[in-house]
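As structure tokens, the structure follows; a few thoughts come after it.
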Amino acid sequence: MSEELTGEALAARRAVVAEANRRFGRVLSVIGAVLAALALLLLVAGGLLMTWVASEPASLDASAADGLRGLAAVGLSVVPGLLALFGMCGLVGGEQIRRGAITRNPDPPATALPSASHVSRFRVLPTGWHLLWIAVGVVVSVVLAGLPVISWFTGGWPSSVTGSESFDVYWVIYGSIAFGVTVAAATSLLKKTAYARAVRSGRVAEGRTGAGQRFWRWFDYRWRFDLWLAGAGAMVAVLALTPLSTVVGPDATRDQLAGALPASLSFVALGVVAVVAGVVCSLNFWRAGEEIGTGESAA
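Letter by letter, the sequence shown follows residues 51 to 349 in the numbering used here.
This is the structure we're talking about:
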């Protein structure tokens with residue numbers, strides 16, 4: 051009887067700890083989302099403030115204008131990047147804790163590289179929420195990268211803001227990061243869909259793995275290089291457009307465009323190839339012989 055009570059007490063204790071962890075995960079996710087939103091707010095507010103200062107309103111004297119430029123510069127610096135970085139840490143860690151658990155690995159692999167001392171198992175994000183996050187990423191990417199690139203060709207806002215108040219390139223840099231994260235999220239959705247299809251077709255079963263299991267486990271499962279490859283490729287494709295900012299538009303010449311276009315197109319092509327390679331690798335995750343809702347630490 052005492053052993054049964056002890057077992058019940060232990061189960062109850064584990065349930066309490068699990069619920070506490072889920073609450074902590076929810077709080078961490080909210081903090082991460084708030085930090086990411088604050089980063090976007092700083093970028094947008096900084097650009098709008100720079101635009102207003104550049105319009106030289108009659109009510110603004112030189113001293114006040116310098117002060118506002120300095121304030122706007124905070125939103126157009128590394129500060130949003132740091133906030134976004136901490137926000138992603140909160141979202142990734144918080145979602146894993148909220149939807150599962152991170153525990154010590156009872157049997158870490160014996161490798162020359164750092165072993166997987168911790169493993170995680172979590173509930174896979176529903177497709178609806180996955181699509182919502184991708185949609186949010188698309189909107190942010192269009193605002194921060196799409197608008198400036200379009201304005202280079204049309205001569206409109208925000209590239210119309212010139213001089214010390216210019217900020218369009220800053221937006222493109224951060225927009226490329228947002229686009230990289232969005233493409234990585236879309237690749238993750240394709241990865242999840244392909245894995246589910248492999249399960250339904252019987253290609254994924256207990257004790258059964260696909261060809262090249264060791265490689266795919268290392269590439270797709272251990273390091274998630276498929277997602278990194280797709281995300282980095284998307285970033286490169288957007289950043290490759292920045293040389294065009296000064297050679298396109300109403301005042302540009304054909305010679306200027308001819309000089310910058312080959313290099314830009316080459317790096318765009320490189321980025322597209324990387325994205326395609328990342329997607330192809332993600333579609334082979336089922337060969338790794340691991341569940342889609344699991345992961346392991348690098349050390």
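Ideal placement from N, C-alpha and C gives every residue a C-beta, glycine not left out.
> Contact check, S191 vs G137 under 8 Å by CB: the rounded distance?
Replying inline: S191 to G137, Cβ: 16 Å. No contact.
>> Which residue marks the beginning of the alpha helix (DSSP H) containing A308, and which one marks its end?
In response: R304 to S332
> Alpha carbon to alpha carbon, what distance is there between R154 and A236?
Replying inline: 30 Å
>> My parser needs the beta strand (DSSP E) runs of 3 or more residues fully inside the region 128-181; what are they?
In response: 150-154 and 168-172
> If you draw a straight line from the alpha carbon of R29 to that of S109, how long is it in whole angstroms?
Replying inline: With the chain represented from 51 up to 349, any question about residue 29 goes unanswered, as that position is not in the structure.
> Three-state secondary structure (DSSP) at T101?
Replying inline: helix
> Just how far apart, CA to CA, sit L135 and V128?
Replying inline: 10 Å
>> For a test of the three-state rule: what should DSSP assign to T344, helix, strand or coil?
In response: strand
> Can you give the Cα-Cα distance for D111 and F217, rounded to whole angstroms?
Replying inline: 21 Å
>> Can you check which of these residues, L277, S209, G131 and V80, is closest to L91 by C-alpha distance?
In response: G131
> For A255, which of helix, strand or coil comes out of DSSP?
Replying inline: Residue state, collapsed to three classes: strand.
> For G140, which option in V297, A87 and F269 has the closest C-alpha, if you only look at C-alpha atoms?
Replying inline: A87
>> Could you compute how far the alpha carbon of G262 sits from the alpha carbon of F335?
In response: 11 Å
> DSSP state of T212, grouped into three classes?
Replying inline: coil
> What are the boundary residues of the alpha helix (DSSP H) that includes A244?
Replying inline: D218 to R250
> For A104, which residues of its own chain have a beta-carbon under 8 Å away from its beta-carbon, when the five flanking residues on both sides are left out?
Replying inline: V211, T212, G213 and E215
> Would V222 be called buried (16 or more neighbouring beta carbons within 10 Å of its own) or exposed?
Replying inline: buried
> Rounded to whole angstroms, how far is the Cβ of L78 from the Cβ of I184, which I believe are closer than 8 Å?
Replying inline: Between I184 and L78 the Cβ distance is about 22 Å, and since that is not below 8 Å, they are no contact.
> Does DSSP put A109 in a helix, in a strand, or in coil?
Replying inline: Here residue 109 is Ser; the residue named in the question, Ala, does not match the sequence. Here S109 sits in coil by DSSP.
> So V298 packs on G321, CB below 8 Å; how close in whole Å?
Replying inline: Contact annotation, V298 with G321: C-beta distance approximately 19 Å; criterion of less than 8 Å not satisfied.
>> Using only the alpha-carbon positions, how far apart do V66 and T177 sit?
In response: 29 Å
> Roughly how many whole angstroms lie between the Cα atoms of F229 and L239?
Replying inline: 15 Å
> At which residues does the alpha helix (DSSP H) containing V288 begin and terminate?
Replying inline: Where V288 is concerned, the enclosing alpha helix (DSSP H) stretches over F275 to L289.
> Rounded to the nearest angstrom, how far is the Cβ of S170 from that of K241, given a contact under 8 Å?
Replying inline: Not really, about 16 Å apart at Cβ, beyond 8 Å.
>> With H, G and I counted as helix, E and B as strand and the rest as coil, what does DSSP make of R76?
In response: Here DSSP, grouped into helix, strand and coil, assigns R76 to helix.
>> Starting from P198, trace the alpha helix (DSSP H) in both directions and tell me its first and last residue.
In response: L197 to T204
>> Just to confirm my understanding: we take A95, look at its own chain, exclude 5 residues before and 5 after, and list those with CB closer than 6 Å. What are they?
In response: Hits under 6 Å: G125.
> Where A290 and D270 are concerned, what is the direct C-alpha to C-alpha distance, given to the nearest angstrom?
Replying inline: Between A290 and D270, the C-alpha separation is close to 27 Å.
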